[in-house]
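According to the working numbering, the residues represented by the sequence shown are 6 to 707, in order.
Glycine included, C-beta positions come from ideal geometry on N, C-alpha and C.
These numbers were taken from a predicted model, which means no experiment stands behind them.
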Amino acid sequence: MAQDLVIVESPAKARTIKKFLGSKYKVEASMGHVRDLPKSELGVDIENDFEPRYITIRGKGEIISRLKKEAQNAEKIYLATDPDREGEAISWHLAHLLDIDPNSTCRIEFHEITQQAIKNAIKHPRAINMCLVDAQQARRVLDRVVGYMISPLLWRKIKGGLSAGRVQSVATRMVCEREREIQEFVPEEYWTITGKFIKRDGKAFEADFYGTADNKITPKNEEEIKSLIEKLKAAEYVVRRVKKGLKKRGAPPPFTTSTLQQEAYRKLGFTTQKTMMVAQQLYEGVEIKGEGAVGLVTYIRTDSTRIAEQAQKEALEYIREKYGQQYVPEEPNQYKTKKGAQDAHEAIRPTSILREPESIKDSLTHDQYRLYRLIYERFLASQMAPALYETMTVEIAGDNGYMFRAAGSRKTFAGYTVIYMEGSDNEPAEKEKEDVELPEVSEGERLTLEKLLPEQHFTQPPPRYTEASLVRALEEMGIGRPSTYAPTIATIIARGYVVREKKSLVPTELGFIVNDLMMTYFPDIVDYKFTAEMEKQLDEVEEGKKDWREIVREFYIPFQELLKKADEAISKIEIKDEVSDVKCEKCGANMVIKTGRYGKFLACPNFPECRNTKPYVEEISARCPKCNSAIVVKYTKKGKKFYGCENYPECDFISWDMPADERCPKCGAFMVVRQRKNGEESLVCTNKECRYRQERSEASHG
């Protein structure tokens, strides 16, 4: 009996779907894209109204032959690629290669890989949505025109291997501008004063100096603070006003792609790329003991916070049974999706609320478990009642007109915080700030000022972007879409425009040079409003309101003129290589540090006469605890940093954490540097029986 053929992108997805469909269906994987623009040329026929010239991707011949053979024997073919523009385009390319009419009911769509969702999709096939395909073609052609026309200019004027792109150039600009803000920032001195007050019954509490009833006063220097303290010490104080209230803190919405990337970065330390890789595994299906292959989360590329009604009902019932009726909100929580979001998609959530993270932990890798738990707890929290706080604000007035203020709060009902607290770029992610409780005071009550605690501060520059804050900024400006954030950040790092320093993104000299060139000669390409407007136009193509070629045409005509002018105006920019102290053993010159596609390496500056190269070895100050040789920085095949002895393989010392110069003061073992979630560092003893820990700041001060 002939089988129906279902084609998906990946083998993992195929295995999961095969389980639900039974023997009447054959499920095959295309292994991602099957056709694309050629890498070796522009691949867009400018003269023929920007017609794309698609070719079969090299290495896909065998896969396509197999799919064609299966298609000939199949009774019905279903194209089951991802439910977004890129997925629709893959289905369209498959239809072309397999001679399927794109207007036939060949396309099925689902947002979670569960039995119910797959069977429902099979019952409701549709034609390929050409508006989605055209929106993807417009993006692809625009990106190709920008990349393949500006990049050769950068190669000629700066150096080979560089690239430009609509979103990546804007992201580079943002990182560069933030760094310049930091460099140009001039700190300003200011002071705060905390007063410690005592009630008649001996209870003490602290309040912050505010100023007068009419004006906030911020002392600017030590002279001002000394004068003010004298006046504050001489005054008598009374409680001027007590204000009590009840504050509700609503649960955060379930994850979108952007918020998942941000929170996974803050709480788990995942890069945006790693988050999407692990999330894709959870979406496509994981082998669960007793269940087989199961898709654990809904589709992971989404900017919608909408939740399916059935999923919400199941979550509310689960909350009622596990936590009690008081944790169920009076009305089911609804979250406002941002304007322009793809609301056909849901937010990211577990496919079943009954599949608790702990119950499947043994079937998941460590990273899969951590990310699944994060998605599960965020979704569950999003459906819970708000947390409730009693708040109290106390104003303390001196008889000289000066005022202090104290604010306190006490959590009276945990609500959603019983399972989840949102992370922050500035605070340790896993814990909430402690409640500040104030003693009961009444208006008119006299207080004694016990002491004043002045503290000097300096205004701080804006923080460097982290991956999380850059994704948030791109999203807020309407630049890029859920599928583009991770590859954009990966690209600007791979091109050497930006480097990671601890958790921050820092522009390189090359990044500044390329950005300045783009700002001068291609201002529209790196203009925030222009790029966001282009995203809106792509959305209009998806909605069938605009022709994709028209968008490309409107962009290309002025762009071509800019390109010509830039080529004539830009002179060759020389970037000098960093000179090392390593001598070339062939000609005696000091070798220079260069960056290739696999990272840094040493090369002789007398190229091409001398072609000597060697690996670049970066030493740290600590010595090997086994043989006292130098410790060097190394990288795994996947690019993860570790530390090892320079005498490997004779000495097998390695460490994932950076070894410290200091030895443990308790047991003498070597110590390593560990970075905490708030960015601060600790020295930790590697002796498991000792585990002595010391803050880095304490250690550096002796």
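Beta-carbon separation (whole angstroms), residue i vs residue j, contact threshold 8 angstroms
i	j	result
TYR421	ALA392	6 angstroms
PRO88	GLN142	Contact flag wrong, Cβ pair sits at about 18 angstroms.
PHE275	ALA352	Not confirmed; about 19 angstroms, so no contact.
LEU84	ILE12	6 angstroms
VAL191	GLY449	Not a contact, Cβ separation roughly 45 angstroms.
HIS116	TYR304	5 angstroms
ALA94	ARG112	No, ALA94 and ARG112 are not in contact; Cβ-Cβ is about 12 angstroms, not under 8 angstroms.
GLU623	VAL637	6 angstroms
ALA269	GLU455	The pair is not a contact, with the Cβ atoms about 46 angstroms apart (cut-off 8 angstroms).
MET539	SER174	MET539 to SER174, Cβ: 12 angstroms. No contact.
ASN652	CYS669	24 angstroms between Cβ atoms; not a contact.
Distance, residue j Cα to residue i Cα
i	j	result
VAL291	ARG696	36 angstroms
THR280	ARG360	21 angstroms
LEU379	CYS136	35 angstroms
LYS438	PHE409	A caution first: LYS438 carries a pLDDT of 40, below 50, which makes its placement in the model unreliable, though a value can still be read off. About 22 angstroms.
VAL49	GLN542	20 angstroms
LYS124	LEU26	7 angstroms
VAL5	MET389	This structure cannot settle anything about residue 5, because the visible part of the chain is limited to 6 through 707.
SER660	LYS507	17 angstroms
GLU435	ALA386	Below a pLDDT of 50, predicted positions are generally treated as unreliable, and GLU435, at 34, falls in that range; the measurement from the model is reported next regardless. Computed Cα separation, rounded: 15 angstroms.
ASN108	PRO258	38 angstroms
LYS248	VAL441	15 angstroms
LEU251	GLN267	30 angstroms
ALA122	PRO528	46 angstroms
ILE461	LYS231	Checking the sequence shown, residue 461 turns out to be Gln, not Ile. Between GLN461 and LYS231, the C-alpha separation is close to 12 angstroms.
THR21	LEU287	11 angstroms
THR110	PRO130	5 angstroms
GLY300	ILE293	10 angstroms
ASP308	ASP521	32 angstroms
LEU515	ARG149	22 angstroms
GLY428	TYR374	18 angstroms
CYS650	GLY501	27 angstroms
ILE365	ASP372	13 angstroms
CYS690	ARG383	35 angstroms
LEU147	VAL557	6 angstroms
PRO444	GLU235	27 angstroms
Buried/exposed call for residue i, threshold 16 Cβ in 10 Å
i	result
ASP469	Reading off the sequence, residue 469 comes out as Arg, not Asp. ARG469 comes out buried.
TYR490	buried
ALA412	exposed
GLY593	exposed
LYS591	exposed
GLY673	exposed
HIS101	exposed
ASP41	buried
ALA7	exposed
GLY463	Note on residue identity: the sequence assigns Phe, not Gly, to residue 463. PHE463 should be labelled exposed.
TRP160	exposed
ALA574	exposed
GLY549	exposed
ILE105	buried
LEU376	buried
GLU241	exposed
THR370	exposed
GLY406	exposed
ASP213	exposed
SER705	Residue placement at SER705 is flagged as unreliable, the pLDDT there being 40, under the threshold of 50; a coordinate-derived value is accordingly withheld.
Strand pairing of residue i, partner residues [DSSP]
i	result
LYS765	Residue 765 lies beyond the residue range present for the chain, which begins at 6 and ends at 707; the question has no answer from this structure.
LYS260	A quick correction: the sequence has Phe, not Lys, at residue 260. According to DSSP, which records beta bridges pairwise, PHE260 is partnered with ILE353.
GLN461	TRP196
LEU10	LYS31, ILE82
LEU287	For LEU287, which the question treats as bridged, DSSP gives no partner whatsoever.
ASN595	LYS588
VAL247	VAL399
ALA635	ARG628
MET154	Paired residue(s): none; MET154 is not in a bridge.
LYS221	GLY216
Test: residue i CB closer than 8 angstroms to a CB of chain D
i	result
ALA239	The structure shown has no chain D; it contains just one protein chain.
Item checked: Inside the stretch 501-528 only - beta strand (DSSP E) runs reaching at least 3 residues -> Every beta strand (DSSP E) stretch that sits fully inside the stretch 501-528 and reaches 3 residues is listed by chain position as 503-506, 509-512.
Notebook entry, point to check: Which residue spans inside the stretch 74-120 form an unbroken alpha helix (DSSP H) run of at least 4?
Noted result: Within the stretch 74-120, the complete alpha helix (DSSP H) segments at least 4 residues long are 90-102, listed from N- to C-terminus.
Notebook entry, point to check: Which runs of the alpha helix (DSSP H) fall wholly inside the stretch 532-593 and span at least 4 residues, in chain order?
Noted result: 533-547, 553-574, all fully within the stretch 532-593.
Note to self: Could you tell me which whole beta strand (DSSP E) segments of length 3 or greater appear in the stretch 375-431?
What the structure shows: You should have 392-403, 407-418.
Checklist line | Minimum length 4: unbroken alpha helix (DSSP H) runs contained in the stretch 309-349 | finding: With a minimum length of 4 residues, the continuous alpha helix (DSSP H) runs that stay inside the stretch 309-349 are 314-328.
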